[in-house]
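Here is the structure we will look at, set down as structure tokens.
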Amino acid sequence: MLERILLTNDDGIDAPGMAVMEQIAGELAREVWVVAPEHDQSGQSHAISLHHALRVTERGPRRFGVTGTPGDCAVMGICHLMKEAPPELVLSGVNRGLNLGMETVFSGTVGGAMTAMMLGVPAIALSQAFTDRANVPWDTARTLGAAVVRQLLGLGWAKTACLNVNFPPVPAAEAGPLTLARQGEGMIAGMAVETRVDPRGMTYHWLNFRRGDRPQRPESDYSCLRAGNVVVTPLRYDRTDEDAYGPLAAALPRFGS
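When you line the sequence shown up against this note's numbering, it's residues 297 to 553, in that order.
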């Protein structure tokens, strides 16, 4: 049993996935702290707020809403609210919908976990996939979540990585085992801009992902999830592309070599 866990997310402190996460964390730690956005912050990635003030509202014992991003919440929790007794683990989620492949670049759920990792605290992002937006199978994450986290804590992982866990869109009894996979392409096929006109005749715009069934490597996170497994992928902030580095190194001097 851990002493303290910090929870955050990108769907907001009142989101159903946070209630699921609190239940999971309650099986893992004596103290569960929640520091999460007041409003939906999906798509905020690793953003932190440097040019506007943050306001914190106490929602109950060890529960705080923040007018900021998941990254802001991780910083507020670790560096301010829990400064005297830092968390041993940060859990971000449970996200409503999968976070795989390219989606992880945009994900605030992953961003919250990555920020915690960069601050020196082990972190895991958790997401629940669904096939019907109106019927997210939260019971899968709720039932399996604590055991998955315990298994990962027992194994341990490098301090330079956070872990990204996705639960399949099936009942818990039908889910496959926790399985390691590489980050794949995901389902983002592009971006779209939808333009509308408000009642005053002014135009406004919505950004949306265009999704498609892109080719996936057999060892990818998406292939693993589609097979019905709980999938985990270690993610890091070093984004050096080795495929591009090699050819460039043949033509350019390499610093430090």
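Glycine included, C-beta positions come from ideal geometry on N, C-alpha and C. Note that the structure is a prediction, hence the values are computed from the model and not measured.
Mark W329 as exposed unless 16 or more other C-beta atoms lie within 10 angstroms of its C-beta, in which case mark it buried.
buried
Q. With distances taken from CA atoms, which of Q319, P333, H348 is nearest G408?
A. P333
- Going by C-alpha distance, which of A437, P467, L350, A419 is nearest M314? A437
*Spell out a yes or no on whether the stretch 475-491 and the stretch 385-400 are touching, meaning 3 or more CB-CB pairs, one atom from each, closer than 8 Å.*
yes
Exercise for review: Compute the beta-carbon to beta-carbon distance between N305 and M317, rounded to the nearest angstrom, for a pair I have assumed lies under 8 Å.
Suggested key: 7 Å
Check your understanding: Thinking C-alpha only, which one of A419, G322, E323 is nearest P366?
Key -> A419
query: Since Y500 is in the beta strand (DSSP E), which residue starts that stretch and which ends it?
result: 499-507
- [ ] Find the nearest neighbour of V390 within the set M413, P357, V445, judged by alpha-carbon distance.
- [x] V445
Q. For A349, does the three-state DSSP call read helix, strand or coil?
A. coil
- Supposed contact pair R532 and A457 - C-beta distance, whole angstroms, cut 8 Å: 5 Å
message = If the criterion is Cβ atoms closer than 8 Å, does the pair V528 and L449 meet it?
response = no
Residue closest to Q424, alpha-carbon to alpha-carbon, out of L415, G416, G441:
G441
**Prompt:** Taking three-plus beta-carbon pairs below 8 Å as touching, is the stretch 492-500 in contact with the stretch 538-547?
**Reply:** no
message: For G389, report the span of its alpha helix (DSSP H) as first-last.
response: No alpha helix (DSSP H) contains G389, which is instead part of the beta strand (DSSP E) from 385-392.
- Could you give the distance in angstroms between the alpha-carbon of C520 and the alpha-carbon of G486? 23 Å
- Query: On the three-state DSSP scale, how would you describe F402?
  - Reply: helix
* Could you give the DSSP three-state label for E354: helix, strand or coil? => strand
- Query: Going straight from the alpha carbon of V386 to that of R355, what length do you get?
  - Reply: 19 Å
* Euclidean distance between Cα positions of L302 and P543 -> 43 Å
If you measure between the beta carbons of A370 and A412, is that distance less than 8 Å? yes
- Message: One question on the structure: do V406 and N462 come within less than 8 Å of each other, judged by their Cβ atoms?
- Response: no
Q | alpha helix (DSSP H) segment containing P333, residue limits | A | Not the alpha helix (DSSP H): P333 falls in the beta strand (DSSP E), residues 325-333.
Legend entry - Simplified DSSP state of R522, which is helix, strand or coil: helix
- Query: Using the beta-carbon count (16 or more within 10 Å), is V489 buried or exposed?
  - Reply: exposed
- prompt: Got a sec, what are the start and stop residues for the beta strand (DSSP E) I559 sits in?
  reply: The requested residue 559 is not part of the displayed model; the chain covers only 297 to 553.
Worksheet item: Would DSSP call I374 helix, strand or coil?
Response: helix
- Residues near H501 in its chain [Cβ-Cβ closer than 7 Å; skip 5 each side]: V489, E490, T491
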